[in-house]
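K.L.:
Below you'll find the structure I mean.
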Amino acid sequence: MTNSPLLEQLNWRYATKKMDASKTVPQDKLDVIIEATRMAPTSSGTQPFELIVVTNPEKLAEIQKAAGDQAQITDGSHLLVFAAWDTYTADRIDAVTDLNVKVRGALPMLNAYYDNLKNNYVPRDAEVNYAHAARQAYIALGVALVAAAEQEVDSTPMEGFNTEAVDAILGLKERGLRSVVLLPLGYRDPTGDWLLPMKKVRKSLETIVSYVD
Ligand SMILES: Cc1cc2nc3c(=O)[nH]c(=O)nc-3n(C[C@H](O)[C@H](O)[C@H](O)COP(=O)(O)O)c2cc1C
Numbered sequence: 002m003t004n005s006p007l008l009e010q011l012n013w014r015y016a017t018k019k020m021d022a023s024k025t026v027p028q029d030k031l032d033v034i035i036e037a038t039r040m041a042p043t044s045s046g047t048q049p050f051e052l053i054v055v056t057n058p059e060k061l062a063e064i065q066k067a068a069g070d071q072a073q074i075t076d077g078s079h080l081l082v083f084a085a086w087d088t089y090t091a092d093r094i095d096a097v098t099d100l101n102v103k104v105r106g107a108l109p110m111l112n113a114y115y116d117n118l119k120n121n122y123v124p125r126d127a128e129v130n131y132a133h134a135a136r137q138a139y140i141a142l143g144v145a146l147v148a149a150a151e152q153e154v155d156s157t158p159m160e161g162f163n164t165e166a167v168d169a170i171l172g173l174k175e176r177g178l179r180s181v182v183l184l185p186l187g188y189r190d191p192t193g194d195w196l197l198p199m200k201k202v203r204k205s206l207e208t209i210v211s212y213v214d
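Heads up, the sequence shown is in this note's numbering, so the first residue is 2 and it goes up one at a time.
Next up, the structure:
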């Protein structure tokens, strides 16, 4: 296999269990991670999620309680909350169309494409639309995880939380959003993290990859 800085970074990162509460992720590194999130690809380019960056200590303490007291939420310096649209609406899809026109100019296919999308998405059950939007948020989570590793910032992807409680803490429902996944950012505590010395566990290539030649 060819030498890959990316693979080294993916081996360096791990779902950090204990972060050093005295350390803060500098703004320039945070900016890179946030920008990587913005650049994540999404289905039809709708980017149907928002990123909420929480540093308020009271809010973090409340979110921690809603997440089984996971220490990384308050020991990290920033908490990224990936919040997906609760559904697709005509207005939301029109805004995507408008942005495309603004950036690329009016293209013949563009309106037809997004009209078709609206016809498919808007009548669907809100839960189906939310599930689709949440999958897009997960793509952004993956990109953010990799960006954090590239910046030598530790992170912990987290699904272990009460989404309704976090929505209430951050007032997401009123904004038509639902929390999907959390990503505390910070720096590993080299002496206090039981997971740090452990080997990575991954299935073998043969188990997960097959080829159709
Ligand atoms: C979507 C997602 C949700 C996760 N939820 C939690 C969580 O709530 N708490 C936690 O400590 N780790 C959580 N993890 C971490 C995984 O257990 C971990 O990524 C996996 O075991 C692989 O280990 P590694 O990330 O250290 O390489 C989550 C990971 C992902 C991708």
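All residues carry an ideal CB built from backbone N, CA and C; glycine is no exception.
All of these numbers come straight from a predicted model, not from anything done at the bench.
Please confirm whether phenylalanine 83 and valine 182 have their CB atoms less than 8 angstroms apart.
P.N.:
Taking the sequence shown and counting its residues from 1, one reaches residue 83 at position 82. Taking the sequence shown and counting its residues from 1, one reaches residue 182 at position 181. For phenylalanine 83 and valine 182, yes; Cβs fall inside 8 angstroms.
K.L.:
Could you spell out where the beta strand (DSSP E) holding valine 82 opens and where it closes?
P.N.:
Taking the first residue of the sequence shown as 1, we reach residue 82 at position 81. First-last of the beta strand (DSSP E) with valine 82: 79-86.
K.L.:
Starting from proline 185, trace the beta strand (DSSP E) both ways and give me its first and last residue.
P.N.:
In the sequence shown, the residue the question calls residue 185 occupies position 184. Taken as a continuous stretch (DSSP letters only), the beta strand (DSSP E) holding proline 185 covers 178-187.
K.L.:
May I ask you to check if the CB of lysine 200 is nearer than 7 angstroms to at least one heavy atom of ligand 1?
P.N.:
Numbered from 1 along the sequence shown, position 199 holds the residue referred to as residue 200. Checking every heavy atom of ligand 1 against the Cβ of lysine 200, none is found closer than 7 angstroms.
K.L.:
Report yes if the CB atom of serine 23 is closer than 8 angstroms to the CB atom of leucine 186, and no otherwise.
P.N.:
Locating residue 23 in the sequence shown gives position 22, where the first residue counts as 1. Locating residue 186 in the sequence shown gives position 185, where the first residue counts as 1. No, Cβ-Cβ distance for serine 23 and leucine 186 is not below 8 angstroms.
K.L.:
Give the straight-line distance between the Cα atoms of serine 44 and lysine 60, rounded to the nearest whole angstrom.
P.N.:
By 1-based counting over the sequence shown, the position of residue 44 is 43. By 1-based counting over the sequence shown, the position of residue 60 is 59. Rounded to the nearest angstrom, the two C-alpha atoms are 32 angstroms apart.
K.L.:
Pair every Cβ in the region 145-163 with every Cβ in the region 32-42, then say whether three or more of these pairs are closer than 8 angstroms.
P.N.:
Contact between the region 145-163 and the region 32-42 is present, because at least three Cβ pairs lie under 8 angstroms.
K.L.:
Please classify leucine 52: does DSSP put it in a helix, a strand, or coil?
P.N.:
For the purposes of this step, residue 52 is taken as the residue at position 51 of the sequence shown. In this structure, leucine 52 counts as strand in the three-state DSSP scheme.
K.L.:
Does the distance from the CB of alanine 37 to the CB of alanine 148 come in under 8 angstroms?
P.N.:
For the purposes of this step, residue 37 is taken as the residue at position 36 of the sequence shown. For the purposes of this step, residue 148 is taken as the residue at position 147 of the sequence shown. Yes, the Cβ-Cβ distance between alanine 37 and alanine 148 is below 8 angstroms.
K.L.:
Alpha carbon to alpha carbon, how far is valine 26 from leucine 80?
P.N.:
As a first step, residue 26 is located in the sequence shown; it is residue number 25 there, counting from the start. As a first step, residue 80 is located in the sequence shown; it is residue number 79 there, counting from the start. Taking the straight line joining both Cα atoms gives about 11 angstroms.
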